[in-house]
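Student:
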Amino acid sequence: MAEYDDDSTGPEEDAVDVRQMFLDWLTGHLATVEVVGTKPTPWCTQWWLHPEVVARFKALWQASMQADASVMDGDAGAVSSWWINHWDRHAAVIFDKSNGPFRDCDPDQGHLHRRKDTTARIVPASMPPDDVEL
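According to our numbering, the stretch in the sequence shown is residues 35 to 168, in order.
#1: Can you tell me where the alpha helix (DSSP H) with E86 in it begins and where it stops?
#2: If I'm right that R90 touches H124 with Cβ under 8 Å, what's the distance once you round it to whole angstroms?
#3: Shortest alpha-carbon distance to W116 belongs to which of W81, Q54, A101 and P163?
#4: Note down, in chain order, each residue of its chain lying with its Cβ closer than 8 Å to the Cβ of P162, except the 5 sequence neighbours on either side.
#5: Have a look at V113 and G134 and give me their C-alpha separation to the nearest angstrom.
#6: Enumerate in chain order the residues of its own chain whose CB-to-CB distance from W121 is below 7 Å, with the five nearest sequence positions on each side excluded.
#7: With contact counted as at least three CB pairs below 8 Å, one residue from each stretch, are the stretch 73-87 and the stretch 126-146 in contact?
#8: Here's the rule: buried if 16 or more other CB atoms are within 10 angstroms of the residue's CB, otherwise exposed. What is V87?
#9: In whole angstroms, what is the alpha-carbon distance linking D96 and D142?
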């Protein structure tokens, strides 16, 4: 166990809870979104079970932080650019009723409600044969 001087802080006190920062950003941002395209908007109350959605939301969060920093550096259009070039493009995929990751989910019925096999990966991945050049 590490020892600290009386005036220093331990690692727990200095640690930033990045997960909580991400969740706070996500819930705050989703609260501002009024319409994402289709009605009703496809959503999964267990969105974190969709690896693609998590990856897209994380990318959006990181790009949003960069846009906010760019505004502080004098780029007044950075946040507008983020909406157009990041949010609009990812939201079009995430909330696509026919092909998006939530297409088999229902806000009331649950995660992958419309799928018979809820444990199967939507796109199965396998290794190519050894003779395939990558």
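Every residue, glycine too, gets a C-beta built ideally from N, C-alpha and C.
Tutor: Reading off the structure:
#1: Looking at the DSSP string, the run of the alpha helix (DSSP H) that includes E86 is P85 to M106.
#2: Between H124 and R90 the Cβ distance is about 5 Å, and since that is below 8 Å, they are a contact.
#3: Comparing alpha-carbon positions, the option among W81, Q54, A101 and P163 lying closest to W116 turns out to be A101.
#4: L168.
#5: Each residue's alpha carbon lies about 25 Å from the other.
#6: These residues qualify, in order along the chain: L94.
#7: By the Cβ criterion, the stretch 73-87 is in contact with the stretch 126-146, since at least three pairs of Cβ atoms, one from each stretch, lie closer than 8 Å.
#8: Residue environment for V87: buried (at least 16 other C-beta atoms within 10 angstroms of its C-beta).
#9: According to the sequence displayed, residue 96 carries Gln and not Asp. Each residue's Cα considered, the two are about 30 Å apart.
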